[in-house]
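Each remark here refers to the structure printed beneath this line.
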Amino acid sequence: MLPLILPVVLPLLAAFLVMPLARMSALIARALGPIVLTTSLVLLLPCCLDPPAQPLVLAIGNFAPPLGIVFYGDRLALLFANAVALFFLLFWDWRGGNPQQARQDALMLLLAASATGLALSGDLFNLYVFYELAAVASFGLVSLSGTGPALVATVRYLLVSAFGSVLALAGIALLYLQTGTLNLAQLGIDPEPLQGPAGLLAFGLMVIGFGVKAELFPLNYWVPEVYASAPARISALLAGLISKLAVLILLRLLVLVYGDTAAPQILLFLGILTIFFGEFSAWRAQDFPRMIAFSSIGQLGLVFIAFSLSGSWGVLAGIAVALHHLLVKSALFGLAHRWSGSLQALTGSAQRTPLAAALFVLFALSLIGVPPLPGFWTKILVLAGLAQEGSALAFTGLGAILLVTAVEAHYLFRFALQLYEKVENAPAGFRSFWEFLPSLLLGAALLAVTLRINPVADRLRAITQQAADRSFYITQVFPQAAAHRKDQP
Amino acid sequence: MNALDLLFLLSGATLLCALLFGRTRWAAPLLLLGYAAQFVALLQTNALFGEPISLSWSLVVLDQPMHWRYDALSWFFALITLGAGFLSTGYGSGVWMRDYERAGHSAGVLHTALAANVFSMVLLVGAEDFLSLFLGWELLNWATFFLMALRGGIAARAALRYLGYAFTGGMAILGAMALLYAQAGSLEFQPIRESLPQMSDGQLWVLLALLGSGFGIKMGLLPFHLWQAPAYAETPGPGSAFFSAVSARMGLYAMLVFFVGMVGLARLVQMEIPYTFLNGRDLLAWIAVFTIIFPTYTALQQQDARYLLAWHGIGQGGYMVLGVLVGTAEGSAGGLLHIFNHAITQVALLMAVFAVLYRTGTTDLNRLGGLVARMPLTFLTLLFGIISLAGLPPMAGFVSKLLVYRALLFEGMPLLFVGAIIGTLGTILSVYKLIHNIFLGQLRLEHESVQEAPLSMLIPMLSLSLLIFLAGYFPGPTLSWVAAVQAQLGLPVVNYHLGGVYDAHGGFNMIWIVSVLLAGFGIGALVFFGLGGPSKRVHQLDNYAGGHFLYAENRYQYSDHFYAGLMHLIGPWYRGSFQWLERALGSIVDFLAHFTNGFYGIAQPLLWSLAAVLGIAVWVF
Amino acid sequence: MRNLAAVLFIGGLGFFLFVLFFRLPLGAPPLVAGAAILEEGGETVGAANLVTAVLLAYRGMDTLGELSILFAAATAVGLVLGRRQLVVSDPEGGFILRAGSDLLFPLLLVVGLYVILHGHLTPGGGFQGGVILAAAFFVPVLARPRRGLDHGLLSFVEGLAGAAFIGIGLWALFARDAFLEPLLGKGVLGHLFSAGTLPLLSMAVGLKVGAELAGLMTSLMEAEGRES
Amino acid sequence: MALDFVSILYIGALGLLLLGTFGLVTTTHLFRLILALALAEAGVNLLLILSGYRGGAQPPILGFGPQDMPMVDPIPQALVLTAIVIGVGVQALAVAAAVRIYRRYGTLDLVALKAHLEGDLARKQGIAPPKSAEKPAGERPLSPVPPRPQEP
Amino acid sequence: MLETVALILVILVLSAGVLVLCLQSLMGAVVAASVVSLGVSVLFVLLRAPDVALTEAAVGAGLSTVVLALGLRKLGLWRIEGDRGEAHALVPTDRREREDA
């Protein structure tokens, strides 16, 4: 039985030890992070490639689920845990040389641990603690450059995140008041008490609470400032990975408890607003990081809309959009490492770095959904689901997505044409090949997925089938509950 | 490995070899060979008269099958595509390409773009379900954008404007596909054709709006036609010829497949517009008529030959839609025939104009003139082209326009007929301006030493002119193709013969008409050359007026801002024909962007978050 | 106008919260997980103070998460405040402060350690004891700012205490195949050395929290102020 | 709404939460925001403890009160312990950031800080300041802060 | 009896909360915040949660007040008497800023 706990605990151990170690020898301290991340990758990869039949349910401290905390490693959670280890290795600060290098590595490891915890944990308050850990670690990482804008962006981000966590805690209190338990599976056993207005208000508060990191509309005003002033590596991880994990929490709640209530409608409505505000502000963005920050808001709005669709179709569409956005957005932020200036200053930079410009065009094509690329299949999944939904809000969502994609295509290719303009003194390109290696690898992965779309789609359908199956989740965590559920219909 | 697989493979191979060997010296002959091979493979599929042939491979993605099938309609469009591709590559190889490379552009990229366009069109016309239709559609959109944006500067801006329109059209089609999927449970044509009758009129109106605007944008129907002229005019030579021939007609292909093939004209007629006597078909017909009128009269104002012809490309599209919408055997035959006739006409005209551009370096109508002596063969091509464009007897354009007019009159649609006639009047006026300002009138000093167009450009031009004349003289073969397409689309089939058409009102026979015309010309020529007195050859610049010798500098001939008077008269009626619509949309998007960006500028936006919490509480309660 | 809108929204939200909350069974919430812990908490973990039992045994992961949040906060503060002032500009404490701090230091130390060690018996535990230890180490810094605290040692203690906490957890993982499972037997309820590894865990927590908060307050103290 | 023990405390908890939220939403002074945040967190912690409180029960410490008396639910108390320490952690970070910002920009008012943020970012990224045509005609633009000594 | 104690404490806490938001001097607001924290910790005792009361008292009242006061000191918004000689009234500089802005 694979110790599912190690990928969370080892990075924490490394984080605690990195600061004292740095005093002794800088080399070990620098190498500690990558070693720990590769071990957790090695631990998790086999069970993601050929997934175990039954999900790995791990009760921490051998305490039965309702009492202790349970880690639920179904195929979806393992997929995200793998993604965390992989992407943190990809976007690790290999060159170092930062005066506070030990602190930065410690915070990166804490972020990695909390991300894995968010993916695996099956207890609501434990998810809240990991979410808060991810928040505090990202405050430190965002204020890394220490310049004025970085600090102001961090403070604004901190305030909205604290406001969100206060509301999330209120939601958890309301939920605990009604059900007396915090284990997700136990909440799902008899969700009737939570279907009422009080339960839905608890869900609403948690949507606002976890929506801060998931870049939901009224709470995502921190996104452009933070991604423009934070180092590109950190923005790549925050925009690509951590935001998806925040949405994963809401997905678990949605699938287990609030399946057929008014909750999906709320998500759909907020998703439409997020998409609308995200993409239209990107139209006026004047610098590269802010443009892709707004487009990441738009894409996450699409994820929210996808998850609001009923049944396993919604989960499939949402996870497809989320994974595609994870791939493309981190790669775009990888490019933003060198292209952090204004769009005008980047005119004609395709002459110096043709490969980077070609990568940008590839990612832009996939982002707006041009057929052979995977972006198209994810978008058609969402649109078909919305069309089947049939409600008036679903059709407005359909129209909004189409309109917004046209706007997105325009501003992305306005910049692409600028890249390919003929200019005498083209701006300096990427100094070394290593700088956009992550984007290159992710671009290759995107093309690989394009060629082998069918096997990837089947694997994804199997994952989401399992994730969307409510009673399967409950019987896994509470075997005896299955016995007593058999008798009552 | 049937003939269709061979066609697809060859098309892909041509694209690949354009990509790999585009820059080398013998790229052009290789590509010509590739297009010729594809042409032969197409003939082998024999999808026109024989049974429709389907591709042996079929993709299944996310349990959505995608397969391709060639039938008469696809064969007809593939024929035009490959013909246009072959001729424009031939036209663009050799001398023209060397000049293009000297201007700093790369030949390989142009060849690749052209080959990509042909490949995506071959893919599109074979689509058997909405998914492969959309795949081909998007590939075509992006290949067109790529070819348009090659020359950078104005071309890049025109290409970006095209992208805005094309992508919005693509999204409209995607929306319609989602609705169809929800309605019919699958994106195949067959299940959709079965589920269409159960659809209510409201749903059909939504589909008409979405798919109509999606395909209409590509075709340049009225409200969405502003992007086409600058985009097609600014594309490099062969690309512009190729686009004007067939690229816009892909929208018509898709319209034919959906509105005529699946929905059926009868159903369109039943879709009444409440409180008006119009129905679905009338609405589309009136849009087609206005598409004929507005762009043609905008063409009248143009000062650049390429823009003038590009605006005409939009106008002529209206005839095709009008013809098909009439629905009778003659009308649809005229519409479908006009696709072919207009393709060869437009390509010939643009080749001639680009030949002039190649030789004199400008296509500005106010700085040309008197080239008939210097470039006689180009003049001949342009003459044949404009006669066919205006729809006058000896040439091909006349046959299809006559069919459309006869159908309009016999079906009792006089107002539409009058609109079409006004359009033709505008065409005649503007084509005369074209040929007068370039070839007739006083030669300019700087064009004294202009040569005839090089051979590599002349061959495609002259062969096209011959084709235009023959298609006009013996419309039989082209009408046979059109009849096969009508049979496949389920329209009443026109009964044709070598010279023309029989119908209830007697029909017409082009052989007689053209022979009488030629006879008349013959007598006129005899009288002019035979009986006239001895004529003395005079050098073009040796001119006298009122006893004074006219030096070449002073212009004694009216060639600046041709039709200025007419423009003064009818100019105020139409400003820029729907420029206001585009500006309005642009400003709405800018305003929304400004509004949303404002949210991200607020210093303390937690109030909005609190409002969201309250909203959820109210929603939940 | 903004304040008016804020008042309106707060009023609306308050109304909904009150209505919803007062419809629920306030006085007697449904006890599911809590009831199970109340009856068998004493036997399985052997700790008299059930809250500490929940904190360190049942929901050990939360406490580990909590520790790392505090660690992240302290590291982030270190990152943000960056350069420390070489010469601390604050004045020397007055005589009363210096004498008081010398007197208080051992007293606070004893109280802190007492609270940590008796965490599993009486109310208190790792966090509360840690804070008292932090206060114990911070008072001399207040009195004599020149001497300050040795940040190297603090981060060393902090790192080791955190590693000890996780070490105990991993030891339980290898011994009993379950992370953070209480080991070393339960002992007699109410005695000092009872409830297995709980006292060790609370000691680790106490030291870590103490070192972190002391480091945090000192770095805040030494940060370069604004001299206006 | 009988004024019994629990409902008074619920009013207190919700009141604190709403006060904190009101403070967070209206003020723009960074330091007051941190205080309002502390208020809101105190309110929520009270709420969480109340959700575990059962009337007439004794604290969850074995061996003190009479055996038969029912005990209060220990789980929310463990949660609140964690929540309080999270609150202080975040608060300390906020104060540290406020100190650095005040040293860098000389003001704690979020409106001025937002203007500085946009200005510095635009300067760093080389975006030209908006031409007068686009800027709203209304009030005159913010007077630029006197140039502070640039950090090394 | 318990109700009256609880009522008094809740009133105390709420009024201190209002004071936190309304007081002009930042130091006063910090003190009001620590009063709120103390009040809440006593409420925790009433609610049979001694652990949490101890934590709230030590961490909430103690630590956060110290951190806030240190912050104020570093911001130069509050001066201790005899701070390098120039006696400086407890005038929050942000109000002074508003006057001369």
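Chains as they are written, first to last, in my numbering: chain C, 44 to 532; chain Z, 43 to 663; chain A, 7 to 234; chain L, 603 to 754; chain R, 617 to 717.
Glycine included, each C-beta is placed from N, C-alpha and C at the ideal position.
Item, Value
"Through-space distance from A305(C) to D148(C), alpha-carbon basis", "43 Å"
"Continuous beta strand (DSSP E) stretch holding L101(C): start and end", "L99 to A102"
"Pair within 9 Å by beta-carbon distance, A648(R) and L635(R)", "yes"
"Residue-chain proximity (L64(C), chain A), Cβ-Cβ < 9 Å", "yes"
"Residues in the stretch 248–282 of chain C having any Cβ partner in chain A nearer than 7 Å", "none"
"Integer Cβ distance of V713(L) from G687(R), believed to fall under 8 Å", "With 8 Å as the limit, V713(L) and G687(R) do not qualify as a contact, their Cβ atoms being about 21 Å apart."
"Residue interval of the beta strand (DSSP E) (run including H590(Z))", "H590 to L592"
"Length of the line joining the Cα atoms of D512(C) and V499(C)", "20 Å"
"Simplified DSSP assignment, three categories, for W110(Z)", "strand"
"S641(R) at chain L interface by Cβ criterion, 9 Å", "no"
"Coil, strand or helix - S237(Z) by DSSP", "helix"
"Contact list for I16(A) against chain L, beta-carbon separation under 8 Å", "L620, T623, F624 and V627"
"Between the CA atoms of S289(Z) and V172(C) - distance to the nearest angstrom", "58 Å"
"Under 9 Å by beta carbon: chain C residues contacting R8(A)", "None at all; the shortest Cβ gap to chain C is about 15 Å."
"Supposed close pair G262(Z), I329(Z) - CB separation, criterion 8 Å", "Going by Cβ atoms, the distance from G262(Z) to I329(Z) rounds to 11 Å, so no, they are not a contact pair."
"Chain-ordered chain R contacts of R706(L) [CB-CB under 9 Å]", "Per Cβ cutoff of 9 Å: no residues; R706(L) is ~12 Å from chain R at best."
"Buried versus exposed call for S657(R) [16 or more other C-beta atoms within 10 Å across all chains shown]", "buried"
"Chain A within 9 Å of L668(R), Cβ atoms only", "The sequence shown places Val at residue 668(R), not Leu. Closer than 9 Å: yes."
"Alpha carbon of S107(A) to alpha carbon of A273(C), nearest angstrom", "42 Å"
"At least three beta-carbon pairs within less than 8 Å, the stretch 350–358 of chain C to the stretch 292–310 of chain C", "yes"
"Distance between L345(C) and L462(C) (C-alpha atoms, nearest Å)", "28 Å"
"Chain-order list of residues whose beta-carbon lies under 6 Å from that of T190(C) (same chain, five-residue window excluded)", "none"
"C-alpha distance - S498(Z) paired with L531(Z), whole-angstrom precision", "39 Å"
"Length of the line joining the Cα atoms of P576(Z) and L568(Z)", "14 Å"
"Close beta carbons around R504(C), own chain, < 7 Å, minus the five adjacent residues each side", "L359"
"Contact list for F22(A) against chain Z, beta-carbon separation under 7 Å", "A659 and F663"
"Outcome for M67(C) when other beta-carbon atoms lying within 10 angstroms are tallied against a minimum of 16", "exposed"
"Secondary structure of S53(Z), DSSP reduced to three states", "helix"
"A587(Z) - DSSP class collapsed to helix/strand/coil", "strand"
"Residue span of the beta strand (DSSP E) that contains L101(Z), given as start and end", "L101 to V103"
"Between the CA atoms of Y223(Z) and V185(C) - distance to the nearest angstrom", "45 Å"
"DSSP-derived helix/strand/coil call for M313(Z)", "coil"
"R333(C) and Y270(C) closer than 9 Å at C-beta", "yes"
"9 Å Cβ cutoff, V646(L) in contact with chain C", "yes"
"Own chain partners of G361(C) with C-beta closer than 6 Å, once the 5 adjacent residues on each side are dropped", "V346, A349 and F350"
"Straight-line Cα distance separating T630(L) from R712(R)", "Confidence in R712(R) is poor, its pLDDT being 38 and thus under 50, which makes the residue's placement unreliable; the coordinate value appears in the next sentence. C-alpha separation (whole angstroms): 17 Å."
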